[in-house]
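A.B. asks: Take a look at the following structure, please.
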Amino acid sequence: MGVIKTFYSKEIIKHFREPRNMGKMKNPSGYGKVGNLICGDVIWLYIKVEKDKKTGKSKIIDSKFQTLGCVVAIAVSSMITTLAKGKTLGEALKITKDDILKMTGKLPGIKVHCSILADDALHEAIYDYLLKNKLPIPKELQERHEKIQKHLKIIEERYKEYIDLEKKILEK
Amino acid sequence: MRKKKIYFDYAATTPVDPRVLKAMLPYFSKKFGNTMSLHSFGQEAKEALEESREIVANLIKAKPEEIIFTSSATESNNLALKGIGLDNRNRGKHIIISPIEHPCIIESAKWLESQGFEITRLKVDKYGQVSPKDVEKTIREDTILVSIIHASNEIGTIQPIKEIGEIIKRKSEILNLKTKIYFHTDAAQSFGKIPIDVNKMNIDLLTASSHKMYGPKGTALLFVKEGTKITPLLHGGGHEAGLRSSTVNVAGIVGFAEACKICQKEIHSVKSARGGISSKTKLFNGVKKESQRLTELRDKLIKGVLEKIKGSHLNGHPQKRLSNNANFWFEFVEGESIVIQLDLLGIAASTGSACSSEKLEPSHVLLAIGLRPQEAHGSLRLSLGRWTTQKDVDYVLKVLPEVVEKLRKISPFRNHGGNKNILFKRNNKAF
């Protein structure tokens with residue numbers, strides 16, 4: 001007795017109830033905005049990057065997120081920002097959906113795409129940072145960026161009328 | 001975490017009323033006979049079955065022999081659509097349904113479509129109501145069946161069933177068809193809550209389910225009007241007038257009947273099932289009394305939510321709705337997140353968000369009433385029942401605004417929240 005059965009794993013519920021790194025970041029080094037309202041999940045992920053004085057490598061010293069979405073979308077946003085913090089850009093790019101799935105525990109099959117969405121957001125944030133600072137962009141990251149954007153286009157065409165409205169607000 | 005759990009999902013299923021359980025118990029062990037057996041064990045079961053049939057029939061003013069017991073509303077709806085379709089396809093292959101039916105109707109219709117039938121899906125207005133005039137316009141010479149849900153399981157909107165029934169009957173007569181145009185209604189949500197008279201409402205087939213009205217799961221019925229041309233889906237020993245072969249679930253059916261009795265009990269206790277309820281008795285007063293209590297609670301809940309939460313909207317008809325249904329959508333919050341937050345706080349509710357469905361698509365009902373996907377994602381259904389109290393409603397009104405506020409804080413759009421948001425602004429529709 002006393003234990004409330006929930007649909008999701010303990011870990012998911014923990015991060016969902018008390019998300020870490022939640023909120024907007026002022027002057028981020030880079031940000032990624034993925035998902036859309038039509039599909040129900042939107043993740044905005046921010047990173048702050050600084051050069052490590054000892055190693056000279058670029059490091060994510062802070063990461064924050066804002067998410068509108070389901071339980072898993074919120075939980076994995078919290079998880080991936082936790083994972084990204086303290087990592088060099090190279091290390092952060094190596095984070096995969098499997099790393100997130102390790103943290104989430106068992107996920108219903110149809111929810112796996114939410115974890116990919118969070119991973120996409122981090123990659124987009126790093127891409128944004130590299131682009132802004134005119135740094136070389138790894139081939140794989142370039143490809144992934146294009147894939148995410150392509151997917152976004154498909155959705156945009158399907159729901160053009162809605163997206164136009166959405167854009168107005170995002171550009172503000 | 002809150003220890004006490006509050007159930008606000010009576011539209012999904014209801015607990016078995018203790019009185020129902022008590023009535024059922026003997027039929028698991030002592031009175032376990034097979035209704036088809038000639039010996040006393042069988043006859044005892046048979047008697048219980050026929051008594052139950054009478055009680056249940058009474059609730060919708062049907063004849064006992066017009067009640068076919070099934071295992072679920074899904075089965076009843078499958079039998080109604082496919083059974084009528086297959087038996088009447090020589091006369092016509094046109095079937096009319098609403099866009100806000102339960103998936104078992106939608107999928108049965110889809111299957112019939114694949115078998116060469118033609119399905120017309122009507123439109124509904126912003127409250128989810130079908131217009132009887134639309135039904136009239138859509139009926140053709142080869143129309144064999146119209147199936148409209150009595151009350152929506154999601155948004156609670158009640159259809160003008162009587163008017164639709166009249167129109168179908170009139171059209172049938174005008175067209176002078178060999179067999180009539182059958183009218184089926186899925187009353188899974190309304191049975192036991194709204195008075196139904198199959199004769200006055202010109203209903204030929206009606207689906208009802210026990211577990212939505214404090215009876216056990218695994219028992220439901222299809223009312224089939226005398227003389228209806230219908231083909232069975234289950235063939236075998238010829239149970240249920242040949243329309244539904246299967247060993248009879250006597251305990252379940254006894255429970256179903258007891259649940260029906262309780263719905264009427266407030267003014268009149270059904271002492272003897274034999275002979276049913278005397279004609280002098282006002283049949284539905286019991287139903288009405290509980291329904292009035294729930295209507296008051298429901299309206300307090302709706303008023304409270306709309307007042308306390310900015311950017312909240314009611315789905316479905318403000319008055320013509322089930323006494324126990326409240327359905328909202330909230331700007332910039334996702335429904336599944338609300339449901340799980342509420343669950344953690346001890347409140348059980350439901351949503352039509354895509355994230356909560358297997359198909360990852362928002363509710364077809366919410367889309368049919370004109371909600372955009374992003375609006376449907378933010379939906380929440382709270383359904384009340386026999387054990388819902390004023391205190392429960394107060395607790396929801398305390399907790400829900402906090403939950404929505406918390407989720408909006410996580411959302412990137414919170415700064416734009418509230419009514420000013422252009423994302424949710426409509427120019428021509430008053431929602």
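Chains as they are written, first to last, in my numbering: chain X, 1 to 172; chain S, 1 to 431.
All residues carry an ideal CB built from backbone N, CA and C; glycine is no exception.
(1) According to a CB-to-CB cut-off of less than 9 Å, which residues of the region 35 to 48 of chain S neighbour chain X?
(2) Helix, strand or coil: which one does DSSP assign to S:L222?
(3) Just to confirm the assignment: which complete beta strand (DSSP E) runs, minimum length 3, are found wholly within the region 148 to 234 of chain S?
(4) Under 7 Å Cβ-Cβ, which residues of chain S neighbour X:V34?
(5) Is S:T74 helix, strand or coil when you go by DSSP?
(6) Taking S:S445 as the reference, give the member of S:V248, S:L384 and S:G236 with the closest Cα.
(7) For X:G40, I'd like the list of residues in its chain whose CB is within less than 7 Å of its CB, leaving aside the five on either flank, ordered along the chain.
(8) For S:S323, which residues in the same chain have their Cβ closer than 7 Å to its Cβ, ignoring the five residues on either side in sequence?
(9) Nearest-angstrom Cα distance between X:K111 and X:L117?
(10) Are S:L497 and S:A354 closer than 8 Å when you measure CB to CB?
(11) Is any beta-carbon of chain X found at less than 8 Å from that of S:S411?
(12) Give me the chain S residues within the contact set of X:R17, using Cβ-Cβ distance strictly less than 7 Å, ordered along the chain.
(13) Figure out for me which residue from S:Q341, S:W387, S:T219 and S:Q374 has the closest Cα to the Cα of S:V399.
(14) To the nearest angstrom, how far is the alpha carbon of S:K229 from that of S:E75?
(15) Given this structure, state the Cα-to-Cα distance separating S:G304 from S:K391, to the nearest angstrom.
(16) So, is the C-beta of X:V42 closer than 8 Å to a C-beta in chain S?
(17) Check the Cβ of S:L360 against every Cβ in chain X and list those closer than 9 Å, keeping chain order.
(18) Assign S:R408 to one of two classes, buried (16 or more other C-beta atoms within 10 Å of its C-beta) or exposed (fewer than that).
(19) If you measure beta-carbon to beta-carbon, which residues of the region 71 to 82 of chain X are closer than 7 Å to chain S?
(20) Got a sec, what are the start and stop residues for the alpha helix (DSSP H) S:I338 sits in?
(21) Please list the residues of the region 20 to 31 of chain X that have a C-beta atom closer than 9 Å to any C-beta atom in chain S, keeping them in chain order.
(22) Find the residues of chain S that neighbour X:T67, judging by a C-beta separation of less than 8 Å, and give them in chain order.
(23) Quick check on this structure: which residue in S:K5, S:L21 and S:K46 has the alpha carbon closest to the alpha carbon of S:V250?
(24) What residues are listed by DSSP as bridge partners for S:T247?
(25) Report the three-state DSSP secondary structure of S:H302 (helix, strand or coil).
(26) Taking S:S363 and S:E154 to be in contact with their CB atoms under 8 Å, please state how far apart those CB atoms are, rounded to whole angstroms.
(27) Measuring alpha carbon to alpha carbon, tell me which residue in X:N36, X:V72 and X:S29 is nearest X:Y46.
(28) Does the pairing of the region 132 to 140 of chain S with the region 186 to 206 of chain S give three or more beta-carbon distances under 8 Å?
(29) Step through the CB atoms of chain X and report whether any lies within less than 8 Å of the CB of S:P373.
(30) DSSP beta-bridge partners for S:L366?
C.D. replies: Reading off the structure:
(1) none
(2) strand
(3) If we require 3 residues or more, the beta strand (DSSP E) runs fully inside the region 148 to 234 of chain S come out as 182 to 186, 205 to 209 and 220 to 224.
(4) Those within 7 Å of X:V34 in chain S number zero; the least Cβ separation is about 11 Å.
(5) helix
(6) What is shown of chain S runs 1 to 431, which leaves residue 445 of chain S out entirely.
(7) Same-chain partners within the cutoff: G69 and C70.
(8) K193, S291, L294, T295 and R298
(9) 10 Å
(10) The structure shown does not extend to residue 497 of chain S, since chain S is modelled only from 1 to 431, so the question has no answer here.
(11) yes
(12) L344
(13) With distances taken between Cα atoms, S:V399 lies closest to S:Q341.
(14) Rounded to whole angstroms, S:K229 to S:E75 spans 18 Å at the Cα level.
(15) Rounded to the nearest angstrom, the two C-alpha atoms are 13 Å apart.
(16) Under the Cβ criterion of 8 Å, X:V42 is counted among the residues facing chain S.
(17) Below the 9 Å Cβ cutoff, chain X contributes C39, G40, I110 and H113 as neighbours of S:L360, in chain order.
(18) buried
(19) V71 and I74
(20) Its alpha helix (DSSP H) spans residues G335 to L344.
(21) Residues of the region 20 to 31 of chain X with a Cβ closer than 9 Å to any Cβ of chain S, in chain order: M22, G23 and K24.
(22) I410, S411 and P412
(23) Checking every option, the nearest Cα to that of S:V250 belongs to S:K46.
(24) Its beta-bridge partners do not exist; DSSP assigns none.
(25) Reading off the sequence shown, one finds Ile at residue 302 of chain S, where the question assumed His. In this structure, S:I302 counts as helix in the three-state DSSP scheme.
(26) Yes, S:S363 and S:E154 are in contact; Cβ-Cβ is about 6 Å, under 8 Å.
(27) Checked all of X:N36, X:V72 and X:S29; the closest Cα to X:Y46 is X:S29.
(28) Touching, no, given that fewer than three Cβ pairs across the two stretches are closer than 8 Å.
(29) yes
(30) When DSSP reads this structure, S:L366 sits in no beta bridge, so it has no partner.
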